[in-house]
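Participant: First the structure, which I've put down as structure tokens, then a few questions once you've had a look.
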Amino acid sequence: MGDELRDLVRKKYSGAAQGVRSGGCCGSGEGACGADLTAGAYSPEEVSGMPEAAGASLGCGNPVALAELAPGEVVLDLGSGGGLDVLLSARRVAPGGKAYGLDMTEEMLKLARRHQLEAGVENAEFLKGEIEDIPLPGGSVDVVISNCVINLSTDKDRALAEAYRVLRPGGRFAVYDMVFPGEKSAFPGEARWRAELWAGCISGALSEGEYREKLEAAGFLDVSIEKTRTYSAGGACCGDGGVSIASAFVRARKPE
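Numbers 1 to 256, taken from full-length UniProt numbering, label the letters of the sequence shown in order.
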């Protein structure tokens, strides 16, 4: 089931990158059944000078604005898509810093690299790989960001352990993701593995309690989950009505 869902996600985002679909998880367009969850998340000043197409982040917030990035830091974006958050991060960590983007789809990587050239950003690099097996050495990153991607992983324990591994001591985890309010997922049992709900960033989401437990199990400290907007699952994208789900900014840090 895990491989089947991963292949579905890969096909969906490959299609988005190729322009077959105008939206994706947490976005508008075919297969997304709802409003763009990033509406208003990026100010005109932030995206000034960025390619217009890079703004189709397919995310659920703006992790760059809240990650408190500083010049000289190294940032890694898990599931970097069209590259917007990587390019914005690269601006903030210059001079002396670098931003990496990691994506498993070749089509998204090609799109992100094109956006990088168009934006004239030199201190960014896009890598091919999966968030459960990050192709970077341990202790090489100051900040891990992500935008509505960890919920898509079929092995979140491994994904969070990998984020922990690549962070330097004292490094920060600062991601936007979808969460179910409370301690338990709203999609227990077989319903959680329905392919269309998983690829729509719904049924793969963790509850607040589950997210906290998994981050702490990976070794993280000072976990905080700040819900920024709550929706019915049907209004967010392709879910069943009557279920509440929220976009949230999730923070944690690796011990010194």
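Cβ atoms here follow ideal geometry from the backbone N, Cα and C, with glycine treated the same way. A quick note: this is a predicted structure, and the numbers were derived from the prediction, not measured.
Thinking C-alpha only, which one of D133, V179, P181 and L109 is nearest V160?
Facilitator: Per the sequence shown, the amino acid found at residue 160 is Leu instead of Val. Among D133, V179, P181 and L109, the Cα nearest to that of L160 belongs to D133.
Participant: Which first and last residues belong to the beta strand (DSSP E) in which G101 is found?
Facilitator: Segment K98 to D103, the beta strand (DSSP E) holding G101.
Participant: Strictly under 7 Å for the Cβ-Cβ distance: is I245 near chain C by that measure?
Facilitator: Of the protein chains in this structure there is only one, and it is not chain C.
Participant: Is the Cβ-Cβ distance between A174 and P63 less than 7 Å?
Facilitator: Yes, they are a contact pair.
Participant: By Cβ distance below 6 Å, which residues in the same chain neighbour C136 in space, the five residues on each side in sequence not counted?
Facilitator: The identity of residue 136 in the sequence shown is Leu, whereas the question assumes Cys. Cβ neighbours of L136 beyond the five flanking positions: V166.
Participant: Can the beta-carbon of G61 be found less than 7 Å from the beta-carbon of A90?
Facilitator: Cβ atoms of G61 and A90: not closer than 7 Å.
Participant: I want to know whether the stretch 136-151 touches the stretch 67-82 - three or more CB-CB distances under 8 Å.
Facilitator: Flag = yes, the stretch 136-151 and the stretch 67-82 touch.
Participant: Closest to A217 by C-alpha separation, out of R251, P255 and D157, would be which residue?
Facilitator: Checked all of R251, P255 and D157; the closest Cα to A217 is D157.
Participant: Buried or exposed, going by whether 16 or more other CB atoms sit within 10 Å of the CB of K128?
Facilitator: The residue in question, K128, is exposed, as its Cβ has fewer than 16 Cβ neighbours within 10 Å.
Participant: Does DSSP put G34 in a helix, in a strand, or in coil?
Facilitator: Note on G34: pLDDT 35, under 50, position unreliable in the model; no value is reported.
Participant: Alpha carbon to alpha carbon, how far is G27 from C148?
Facilitator: Model confidence at G27 stands at a pLDDT of 42, short of 50, so the residue's coordinates are unreliable and nothing is read from them.
Participant: Of the choices E125, M104 and K110, whose alpha-carbon is the least far from that of G97?
Facilitator: The option with the nearest alpha carbon to G97 is E125.
Participant: Over the uninterrupted beta strand (DSSP E) stretch that includes Y42, give me the two end residues.
Facilitator: It is not in any beta strand (DSSP E) - Y42 carries neither H nor E in the DSSP assignment.
Participant: For the beta strand (DSSP E) containing K128, name the first residue and the last one.
Facilitator: Taken as a continuous stretch (DSSP letters only), the beta strand (DSSP E) holding K128 covers A124 to K128.
Participant: Compare the Cα-Cα distances from A252 to each of K227, S244, L215 and A94 and report the closest residue.
Facilitator: With distances taken between Cα atoms, A252 lies closest to L215.
Participant: Suppose you measure from the CA of K254 to the CA of L117; what does that come to, to the nearest Å?
Facilitator: Computed Cα separation, rounded: 33 Å.
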